[in-house]
Each structure stands twice: as C-alpha cells, then as structure tokens.
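Protein chains in written order, with our numbering: chain R, 1 to 234; chain P, 235 to 468. The C-beta atom is built at its ideal place from N, Cα and C for all residues, glycine as well. Worksheet for the structure shown next.
2 protein chains.
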Amino acid sequence: MKQSSAIHAQIRRDIEARIMSGEWAPGTRIPYEHQLMASYGCSRMTVNRALRALIEAGLLESRRRAGTFVSHPRIHRAALEIPDIRDEIAAQGEPYRLDLDRREVRAASEEDKRLLQIDGGAVLALECRHHAGGRAYALERRLINLSAVPQAAEIDFAAEPPGSWLLAHVPWTEAEHRITAFNAGAKELVALGISAGAACMALERWTWRGTERITYARQVYPGDRYALVAHFRP
Amino acid sequence: MKQSSAIHAQIRRDIEARIMSGEWAPGTRIPYEHQLMASYGCSRMTVNRALRALIEAGLLESRRRAGTFVSHPRIHRAALEIPDIRDEIAAQGEPYRLDLDRREVRAASEEDKRLLQIDGGAVLALECRHHAGGRAYALERRLINLSAVPQAAEIDFAAEPPGSWLLAHVPWTEAEHRITAFNAGAKELVALGISAGAACMALERWTWRGTERITYARQVYPGDRYALVAHFRP
DNA sequence: GACTCAATTATGTATATACATTAATGGCAG
DNA sequence: CTGCCATTAATGTATATACATAATTGAGTC
C-alpha cells in the first residue's frame, strides 16, 4: 500500500489516527494552526489544507477565533454496494437467466409521470425476472424515459438486462435508492415462487442526468434469500 | 439557503453544474487550470483548490500533463446515511422515548462470542425500544464488548440510547451493516405492536476499533413505516 | 452587576511564486 | 516504421504574505 508522502497528507493521517485512537475525543480542541505549523515545521497554508480536508470529511469542525475541534459524529455514513444483478449472480458461480415478462411502449400514465417526474411523452415499461441456477432471484419492474433515452426503444431486453444495458450506455449524474420491506402479494407469489405474505425486500432506484430523470426501477428480492451489505466509509 | 461567495466555491459550483447538466459528459477534459485562472481572473491556487475538492468528491480525475477529466461514475457505490435514531426522531419533530427492557452483564455466550468475535470475557447485553410520539419506532438488541469498552458498564442506558452514547464516546475505525427483510415473530409483535407475520426490516451493525469488535446491534423496524435511503453523489 | 464597544486572535480566503513530478509529444537514430 | 530520449506542458505541493471575518475577551461605562 503506497501512501502519499506529502506533508499535508502526513498531518492529516496523524490527526486522523489520534481521533480514531480516542486520544482526541469528540469535542476536544486540537492544536491551533500556528502550533501545528511550528511542530511540523511547515507553513500555515499546508496545515490549513490538511485541516480543511478533515473538516470536509466531517471529522473536524472549526470556529473562528475559538479553534478547531473534533466533531461529535452524528450520522454514520456507509458505502452501499449495489451490484449489477447479472454480475452478482455470475460472481456466485450460478448460471444467469433473464425472463422478460412484459415490454410496452406507451404514453406516460399518471403513475409513470409521478415516478419519472415528467409531464408527458413516451415511456418504455418493462417487467422481468432474474434467475440464478433455475431459481427466481429477483423481480424487476422498470420505466425508461424515452425522451431522455430514445435509443432504448430499439434494444432487445430479453437478451440483455435493462440495468446492465443502461449502465453501459447511458451517462447519468445522480441516483437515489430506497430500501423497504413488505409482505409478498399475489404478483410476487407467482413470479418468485414464494409463499403468500412472505417478507420481501424492495430496492427502488431513480436515476437522473442533470435534472432529467432517466429511469426508475423497482427490484424485489425474497427476504429469506437476500441481504444488502454496507461498509463504513472512512 | 446561504451559499459561500468565495471564488473557489463559485468555480466549484459552476463546474458541478456543467457536469450535472450533461454539458461536460464523463470523459470530457475540462479547461486547464491556467485557462480557468484566466477566465475567472484569479490565481491558479484558487482554481486548484476548487478542482481538488471536486477530485476528492470523485467528480473529477486528473492526470499530470494531460489535464483534468470528468469521472465515469461507478454505479455500485451509494452513500447510505444511517442516522442516530434519537436524532432522526427529533428531526421529525416527534418526542422521543426510550424503553430499556433488559440490561445484563454476563460472561459471553456462544452466540455473543460469534457476534463479537471474542474468545470470552464479559459482555453487556441490552434490549430496548425506541418510541416516536408514543408509537413504537424500532426494537433494538445490542451487545457491547466490555473488554473493549469497560466504561459502558457504568452508563445508565435507560437515559441515553446505547447507539447515541457509543457514537459520542467511543471512536471506531470500521463498521459493517447488513440489511434484511423478515416476517415478524412473537417478539416483534409484542414489542412493536404490529400484526403477526408483518414484514420487518432488520439492520444489523458490527463496529470495530482496529481489529477488536466493539459492539453488535440489531435494529428492527416495521416494514410499512420505515425506508432506508441511499444517495449516489450528494 | 449589566451593558457597550474596541482590541485581540484564530480561522478563512486569495495571491504570487517556486520547484517537483509525470506523461504526452515530437525529433532523432537505427 | 520502430524505439529511444529530451523537451515541454500540465498538475501537485509548498511557501511567505496579506487582508477579511467572526467571535471571544476584557476594559470602560452606566
């Protein structure tokens, strides 16, 4: 593991280590910039750069005239990995199969308008199931905004999962995910082969380019076969 | 909404806006620092500061001699914010109440050893319920490794939620979260006042300091009242 | 004691400058 | 054409300096 030998990076690591070890607890005032400057034998700009990075990362807070303090952490931020379903199944060594149950180009319905935040225009609505080794893995319902991605109308989504195609071909700038739990209804019962009322996890995703919504997806997983895992981000 | 009028912040906002609008697509080379410097009439240090912030945020990448480029976004990582439950309820304007149902200091059981990855020693086991406005919000079961956090034995967890106390007093270096859906059993039925078999979301969290596990928590939320939200690129 | 206001002090921003580092480029030799 | 190498142009880091800004402090006043 190679780490930068820049002075500002060293100062940053040192302060981070002192906070992580508990030596500088939340609320502690850390040394003033001019003190760090003296102890590292560098300029205040260099110290300031290290501190600013830690402030942006949320580890420190500063108040003019008073000094710089270790933050009281209020939120736990974690990196959630949301893999491409096909890749995820392949990574488990299972054969992947896709069933396209429905494909429809239509004028946006009221619900489509709400989910894609559009006033009208055409949407591509898809329903498909992802299988791992012959067993239903996930149920997916997807809307694609055809005014944002007209070329999607030409794609054969029975051959390539819509999520994989979009990821590879459509640039996007922002996404929001929503994770909920709910009891399986008739649809999930049939599509996933689970018992009525079984707990399922729903992962909804909205994807933007700029202010325009590109696609909405809702993926449903059987609760007893799926877990989302997130790691703390330092 | 107050925003900084500093030059570096303005440059940053302008570049961010161009990326978000799609004007500068992933892979595009943005103007060289000396060009931005000329067009904003400021020094290169100021431009550099703005760019560095965007690089750290993952929006830009730079290569010496070649220039600075808009990043290709990586889909599979979203930032999941897991707030302190007490703060979250307070933020919704609801009064918060905590019920401590069980508190026990004991020698680690086999399950405790597995969850905390310890060979023995004492653990503090807690069970509590978080209420928002008189309504059950979440059920929490928690184990604290007393060899890592001995002072936890002295704390009155009927007054302060264990998660809040730990967050404020114990520094950690790593955490892992696991999100699952399951059908409510007798315990959830009684504790959360939901019907039998209702879908619930379970959020499990393991927290480390260095290689030592500090605590394990399992929080259960009624599926119909709770959603976890994750953003890509704030 | 309570209030006012100016001095003090630490952080916040910006600049001009310098040199280091890296890699694209183009010329030269084979 | 190919491979090597010096040039060059971009970013990366660091410095000394300057002034702005905000909040604490403390002196002076009522």
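**Item:** Backbone CA spacing between Glu-394 (chain P) and Glu-438 (chain P) [nearest angstrom]
**Value:** 20 Å
**Request:** Pull out every residue of the stretch 266-281 of chain P whose Cβ sits closer than 8 Å to any Cβ of chain R, in chain order.
**Result:** none
**Message:** Can you tell me whether Ile-352 (chain P) is buried or exposed? The criterion is at least 16 other CB atoms within 10 Å of its CB, across all chains shown.
**Reply:** buried
**Prompt:** Would Ile-245 (chain P) pass as a contact of Thr-302 (chain P) if the rule is Cβ separation under 8 Å?
**Reply:** no
**Asked** Unbroken beta strand (DSSP E) runs of length 3 or more, entirely within the stretch 84-123 of chain R: which are they?
**Response** 96-107
**Prompt:** If you draw a straight line from the C-alpha of Ala-90 (chain R) to the C-alpha of Leu-36 (chain R), how long is it?
**Reply:** 51 Å
**Prompt:** Is the Cβ of Asn-183 (chain R) closer than 8 Å to any Cβ of chain P?
**Reply:** yes
**Prompt:** What whole-angstrom Cβ distance do Leu-189 (chain R) and Ala-196 (chain R) have, given they're in contact under 8 Å?
**Reply:** 5 Å
**Request:** Please list, in chain order, all residues of the same chain as Arg-283 (chain P) whose beta carbon is under 6 Å from its beta carbon, the five residues on each side excluded.
**Result:** His-242
**Asked** Under 8 Å between C-beta atoms, does His-231 (chain R) make it to chain P?
**Response** yes
**Strand pairing of Ala-244 (chain R), partner residues [DSSP]** = This structure gives no information on residue 244 (chain R), because the portion of chain R shown stretches from 1 to 234.
**Message:** With three or more beta-carbon pairs closer than 8 Å as the criterion, would you say the stretch 325-335 of chain P touches the stretch 356-364 of chain P?
**Reply:** yes
**Asked** Can the beta-carbon of Leu-380 (chain P) be found less than 8 Å from the beta-carbon of Thr-449 (chain P)?
**Response** no
**Message:** Taking CB distances under 8 Å as the criterion, tell me whether Pro-73 (chain R) reaches chain P.
**Reply:** yes
**Prompt:** So, helix, strand or coil for Ser-62 (chain R), using DSSP?
**Reply:** strand
**Asked** If you draw a straight line from the alpha carbon of Phe-157 (chain R) to that of Leu-124 (chain R), how long is it in whole angstroms?
**Response** 11 Å
**Prompt:** Between the C-alpha atoms of Glu-374 (chain P) and Arg-218 (chain R), what's the straight-line distance to the nearest angstrom?
**Reply:** 28 Å
**Opposing strand residues paired with Ala-181 (chain R) [DSSP bridges]** = R:Met-201
**Prompt:** In the DSSP assignment, what are the bridge partners of Thr-302 (chain P)?
**Reply:** P:Ile-264 and P:Ser-296
**Item:** Interface flag, Ser-147 (chain R) vs chain P, CB-CB below 8 Å
**Value:** no
**Request:** Let me know if Gly-354 (chain P) comes out buried or exposed under the rule of 16 or more other beta-carbons within 10 Å of its beta-carbon.
**Result:** exposed
**Asked** Between the beta-carbon of Ile-253 (chain P) and the beta-carbon of Val-304 (chain P), is there less than 8 Å?
**Response** yes
**Request:** Quick one: give me the first and last residue of the alpha helix (DSSP H) that Ala-420 (chain P) is part of.
**Result:** 420-426
**Chain-order list of residues whose beta-carbon lies under 8 Å from that of Thr-262 (chain P) (same chain, five-residue window excluded)** = Phe-303 and Val-304
**Asked** Between the stretch 432-449 of chain P and chain R, which residues of the former have CB atoms less than 7 Å from a CB of the latter, in chain order?
**Response** Ala-432, Ala-433, Cys-434 and Met-435
**Request:** Identify which residue in P:Tyr-274, P:Lys-421 and P:Pro-329 has its Cα closest to the Cα of Gly-367 (chain P).
**Result:** P:Pro-329
**Chain-ordered chain P contacts of Ser-21 (chain R) [CB-CB under 8 Å]** = Pro-405
**Prompt:** Would you call the CB atoms of Cys-200 (chain R) and Gly-163 (chain R) closer than 8 Å?
**Reply:** no
**Item:** Neighbourhood of Ala-230 (chain R) by C-beta distance below 8 Å, restricted to the same chain and skipping five residues each side
**Value:** Ala-78, Ala-79, Leu-80 and Glu-81
**Item:** Nearest-angstrom Cα separation, counted from Ser-238 (chain P) out to Pro-171 (chain R)
**Value:** 30 Å
**Request:** Note down the Cα distance separating Cys-276 (chain P) from His-268 (chain P), rounded to an integer number of angstroms.
**Result:** 10 Å
**Asked** Listed in chain order, which residues of the stretch 153-180 of chain R have Cβ atoms closer than 9 Å to some Cβ of chain P?
**Response** Gly-163, Leu-167, Pro-171, Trp-172, Thr-173, Glu-174, Ala-175, Glu-176, His-177, Arg-178, Ile-179 and Thr-180
**Prompt:** Does the beta-carbon of Glu-250 (chain P) have 16 or more other beta-carbons within 10 angstroms, so that it is buried, or is it exposed?
**Reply:** buried
**Prompt:** Going by DSSP, which residues form a beta bridge with Val-240 (chain R)?
**Reply:** Here chain R covers residues 1 to 234 and nothing more, so residue 240 (chain R) does not appear.
**Reduced DSSP secondary structure (H/G/I, E/B, other) of Pro-384 (chain P)** = helix
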